[in-house]
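J.: Before we start, here is the structure in question, set down as structure tokens.
There are 2 protein chains.
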Amino acid sequence: MGSPAPLLDALDTAGLRLTEARRTVATLIADRDGPFTAADLLADARGRGIDIGRATVFRALDAFSELHVVERLDLPNGDHAYVGCDPAHHHHVVCENCGRTTEIDDAGIRDIVRAIERRTGYRVDSHRLELFGRCPACAAAEPVS
Amino acid sequence: MGSPAPLLDALDTAGLRLTEARRTVATLIADRDGPFTAADLLADARGRGIDIGRATVFRALDAFSELHVVERLDLPNGDHAYVGCDPAHHHHVVCENCGRTTEIDDAGIRDIVRAIERRTGYRVDSHRLELFGRCPACAAAEPVS
DNA sequence: ATTTTTGCAAATCATTTGCATATAT
DNA sequence: ATATATGCAAATGATTTGCAAAAAT
Numbered sequence: 001m002g003s004p005a006p007l008l009d010a011l012d013t014a015g016l017r018l019t020e021a022r023r024t025v026a027t028l029i030a031d032r033d034g035p036f037t038a039a040d041l042l043a044d045a046r047g048r049g050i051d052i053g054r055a056t057v058f059r060a061l062d063a064f065s066e067l068h069v070v071e072r073l074d075l076p077n078g079d080h081a082y083v084g085c086d087p088a089h090h091h092h093v094v095c096e097n098c099g100r101t102t103e104i105d106d107a108g109i110r111d112i113v114r115a116i117e118r119r120t121g122y123r124v125d126s127h128r129l130e131l132f133g134r135c136p137a138c139a140a141a142e143p144v145s
Numbered sequence: 146m147g148s149p150a151p152l153l154d155a156l157d158t159a160g161l162r163l164t165e166a167r168r169t170v171a172t173l174i175a176d177r178d179g180p181f182t183a184a185d186l187l188a189d190a191r192g193r194g195i196d197i198g199r200a201t202v203f204r205a206l207d208a209f210s211e212l213h214v215v216e217r218l219d220l221p222n223g224d225h226a227y228v229g230c231d232p233a234h235h236h237h238v239v240c241e242n243c244g245r246t247t248e249i250d251d252a253g254i255r256d257i258v259r260a261i262e263r264r265t266g267y268r269v270d271s272h273r274l275e276l277f278g279r280c281p282a283c284a285a286a287e288p289v290s
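Protein chains in written order, with the working numbering: chain A, 1 to 145; chain B, 146 to 290.
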């Protein structure tokens, strides 16, 4: 349902070629909602009768990741997944029940990172914050805690 | 150099058996400093002339992870690694140069998580924060940024 | 005694690679 | 034209599995 345009724009801006395969992957990603795996996209493609190479999907995912329009998540169970995302936002809350994903803004993390640098003496170049739980709908559906 | 005792205690407390293999893995972990992979431990073992099965190492690592005395990290390059850690602490700063690891306390993350819950409506059950950069020594060794 | 763990080797799974061909610029 | 990207099939590499034997309770 989403639009693949931001993904394609990112490619264009980066000087990468707008190939048919990449358009396809961008569309598949845009049509996804929660986190997905490379295998999911492959399956989606086949489901639509589109023929695309496995390696190509991985390569496209890599490209999009580097452009920060897709992020690679590590789920608590150890699985890897990707999510399409706004290049400015880098953190997500993932619903462990339905897979829904919501981007979160900096929310004060920047300050925390600074505090940690001060406290540990490390220079922090990058960080990764992932939150897992229940989205509002799923939380409501299972009253107890 | 570290002591395997906390690891073994955790097993004991959890009612898991204190086997020779698990003692070995605990010792190998205690003797490690930065993050390590399962393959590292295997190599360490062989280097000491200890014979232990690959699967056993993975199983021990799983057990320790579940007991929160070892944490599984996902490095920025996509690799997986483990680190021994205090069960109360769940975040690390990792030096991307020398591999050194430092545990960090809650540092206000709890508040941020709460703020995010309020803002998104999600109920957050768990989170993962990983920071990457340079430890003091490595940062000093490479003046530029 | 009984249950849990081990160790092996084979199986699985995701991801990557080499290379010739096709495509975007 | 020329550099880049694709697709395949094979290679890789980490992690898991089944199952009988071994060890811990």
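All residues carry an ideal CB built from backbone N, CA and C; glycine is no exception.
What does the Cβ neighbour count give for proline 232 of chain B, buried or exposed, with the cut at 16 atoms within 10 Å?
T.: As a working note, residue 232 of chain B is residue 87 in the second sequence. With fewer than 16 other Cβ atoms within 10 Å, it is exposed.
J.: Going along chain B in order, which residues have a C-beta closer than 7 Å to the C-beta of threonine 120 of chain A?
T.: For this step, residue 120 of chain A is matched to residue 120 along the first sequence. Those within 7 Å of threonine 120 of chain A in chain B are Val238, Thr247 and Ile249.
J.: Go through its chain and collect everything with a Cβ distance to leucine 41 of chain A's Cβ below 6 Å, but skip five positions before and after it.
T.: Position 41 of the first sequence, counting from 1, holds the residue named residue 41 of chain A. Closer than 6 Å at Cβ, skipping near neighbours: Leu28 and Val57.
J.: How is glutamate 216 of chain B classed by DSSP in three states: helix, strand or coil?
T.: Counting from one through the second sequence, the residue named residue 216 of chain B turns up at place 71. The answer is strand: DSSP assigns glutamate 216 of chain B an E or B state.
J.: Quick one: is histidine 311 of chain B buried, meaning 16 or more other Cβ sit within 10 Å of its Cβ, or exposed?
T.: The shown model of chain B, from 146 to 290, leaves out residue 311 of chain B, and the question about it has no answer.
J.: Based on the DSSP output, what are the partners of cysteine 240 of chain B in its beta bridges?
T.: Within the second sequence, residue 240 of chain B is the residue found at index 95, counting from 1. According to DSSP, cysteine 240 of chain B bridges with B/Gly278.
J.: Can you tell me the Cα-Cα spacing of glycine 229 of chain B and glycine 223 of chain B, whole angstroms?
T.: What you label residue 229 of chain B is simply residue 84 of the second sequence in a count that begins at 1. What you label residue 223 of chain B is simply residue 78 of the second sequence in a count that begins at 1. Rounded to the nearest angstrom, the two C-alpha atoms are 19 Å apart.
J.: Give me the Cβ distance between histidine 225 of chain B and phenylalanine 132 of chain A, rounded to the nearest whole Å; I'm assuming they're in contact under 8 Å.
T.: Sequence index remark: in the second sequence, residue 225 of chain B carries index 80 (1-based). Sequence index remark: in the first sequence, residue 132 of chain A carries index 132 (1-based). Not quite, the Cβ-Cβ distance comes to about 18 Å (not below 8 Å), so this is no contact.
J.: In chain order, what residues of the stretch 123 to 136 of chain A put their CB closer than 9 Å to some CB of chain B?
T.: Arg123, Val124, Asp125, Ser126, His127, Arg128, Leu129, Glu130, Leu131, Phe132, Gly133, Arg134, Cys135 and Pro136
J.: Please list, in chain order, all residues of the same chain as proline 76 of chain A whose beta carbon is under 8 Å from its beta carbon, the five residues on each side excluded.
T.: Counting from one through the first sequence, the residue named residue 76 of chain A turns up at place 76. Contacts found: Glu96 and Phe132.
J.: So is aspartate 178 of chain B buried or exposed if we call it buried at 16+ other beta carbons inside 10 Å?
T.: Working through the second sequence from its first residue, we reach residue 178 of chain B at position 33. Counting Cβ neighbours within 10 Å, aspartate 178 of chain B comes out exposed, since fewer than 16 surround it.
J.: Is the beta carbon of valine 238 of chain B less than 8 Å from the beta carbon of tyrosine 122 of chain A?
T.: Here the question's residue 238 of chain B lines up with position 93 in the second sequence. Here the question's residue 122 of chain A lines up with position 122 in the first sequence. The answer is yes: Cβ separation under 8 Å.
J.: By the criterion of Cβ-Cβ separation under 8 Å, what are the contact partners of isoleucine 112 of chain A in chain B?
T.: Here residue 112 of chain A is taken as the residue at index 112 of the first sequence, counted from 1. Here the neighbours are Ala252, Gly253, Ile254 and Ile257.
J.: For threonine 219 of chain B, would you say it is in contact with chain A, using Cβ-to-Cβ distances shorter than 8 Å as the test?
T.: Along the second sequence, one-based indexing puts residue 219 of chain B at 74. The displayed chain sequence assigns aspartate, not threonine, to residue 219 of chain B. Closer than 8 Å to some Cβ of chain A, the Cβ of aspartate 219 of chain B qualifies, so yes.
J.: Which complete beta strand (DSSP E) runs does the stretch 35 to 83 of chain A hold, if anything under 3 residues is left out?
T.: 70 to 74
J.: Going by beta carbon distance, what residues of the same chain come within less than 7 Å of arginine 54 of chain A, once the five residues before and after it are set aside?
T.: Position 54 of the first sequence, counted from the start, is the residue given in the question as residue 54 of chain A. Taken in chain order, the residues that qualify are Leu42.
J.: Taking one C-beta from the stretch 59 to 71 of chain A and one from the stretch 7 to 14 of chain A each time, how about it: are there three or more such pairs within less than 8 Å?
T.: yes
J.: Check whether the Cβ of alanine 260 of chain B lies closer than 8 Å to any Cβ atom in chain A.
T.: Looking up residue 260 of chain B in the second sequence gives position 115. Chain A contact via Cβ: present.
J.: Does any residue of chain A have a CB that is nearer than 8 Å to the CB of alanine 284 of chain B?
T.: For the purposes of this step, residue 284 of chain B is identified with residue 139 of the second sequence, where counting begins at 1. Judged by the 8 Å Cβ criterion, alanine 284 of chain B is in contact with chain A.
J.: On a CA-only basis, which of A/Ala38, A/Thr13, A/Ala137 and A/Arg110 is nearest histidine 68 of chain A? Give me that one, please.
T.: The sequence position of residue 68 of chain A within the first sequence is 68, counting from 1. Histidine 68 of chain A has its Cα closest to that of A/Thr13, out of A/Ala38, A/Thr13, A/Ala137 and A/Arg110.
J.: When you compare each of A/Asp74, A/Arg17 and A/Thr120 to alanine 252 of chain B by their alpha carbons, which one comes out closest?
T.: Along the second sequence, read from residue 1 onward, the residue named residue 252 of chain B stands at position 107. Of the candidates A/Asp74, A/Arg17 and A/Thr120, the one whose C-alpha sits nearest the C-alpha of alanine 252 of chain B is A/Thr120.
J.: In three-state terms, what does DSSP make of aspartate 125 of chain A?
T.: Start at 1 with the first residue of the first sequence, and residue 125 of chain A comes out as number 125. Aspartate 125 of chain A falls in the strand class under three-state DSSP.
J.: Compute the Euclidean distance between the alpha carbons of threonine 37 of chain A and valine 113 of chain A, then round it to the nearest angstrom.
T.: For the purposes of this step, residue 37 of chain A is identified with residue 37 of the first sequence, where counting begins at 1. For the purposes of this step, residue 113 of chain A is identified with residue 113 of the first sequence, where counting begins at 1. One C-alpha to the other measures close to 30 Å.
J.: From the DSSP output, which residues share a beta bridge with isoleucine 104 of chain A?
T.: Along the first sequence, one-based indexing puts residue 104 of chain A at 104. DSSP, once it has assigned bridges, lists A/His91 as partnering isoleucine 104 of chain A.
J.: For a test of the three-state rule: what should DSSP assign to glutamate 117 of chain A, helix, strand or coil?
T.: Reading the first sequence from its first residue, position 117 is the one you call residue 117 of chain A. Correct three-state label for glutamate 117 of chain A: helix.
J.: When you compare only the Cα positions, how much space is there between arginine 17 of chain A and valine 25 of chain A?
T.: Sequence index remark: in the first sequence, residue 17 of chain A carries index 17 (1-based). Sequence index remark: in the first sequence, residue 25 of chain A carries index 25 (1-based). Rounded to the nearest whole angstrom, the C-alpha separation of arginine 17 of chain A and valine 25 of chain A is 13 Å.
J.: CA-CA distance, aspartate 196 of chain B and arginine 204 of chain B?
T.: If you number the second sequence from 1, residue 196 of chain B lands on position 51. If you number the second sequence from 1, residue 204 of chain B lands on position 59. Cα to Cα, the separation comes out at about 15 Å.
J.: Rounded to the nearest angstrom, what separates isoleucine 254 of chain B and aspartate 31 of chain A at their Cα positions?
T.: Position 109 of the second sequence holds residue 254 of chain B. Position 31 of the first sequence holds residue 31 of chain A. If you draw a straight line from the Cα of isoleucine 254 of chain B to the Cα of aspartate 31 of chain A, it comes to about 33 Å.
J.: For a test of the three-state rule: what should DSSP assign to glutamate 334 of chain B, helix, strand or coil?
T.: The requested residue 334 of chain B is not part of the displayed model; chain B covers only 146 to 290.
J.: Among A/Arg22, A/Ser3 and A/Gly99, which has the Cα closest to the Cα of alanine 137 of chain A?
T.: As a working note, residue 137 of chain A is residue 137 in the first sequence. Cα-wise, what sits closest to alanine 137 of chain A is A/Gly99.
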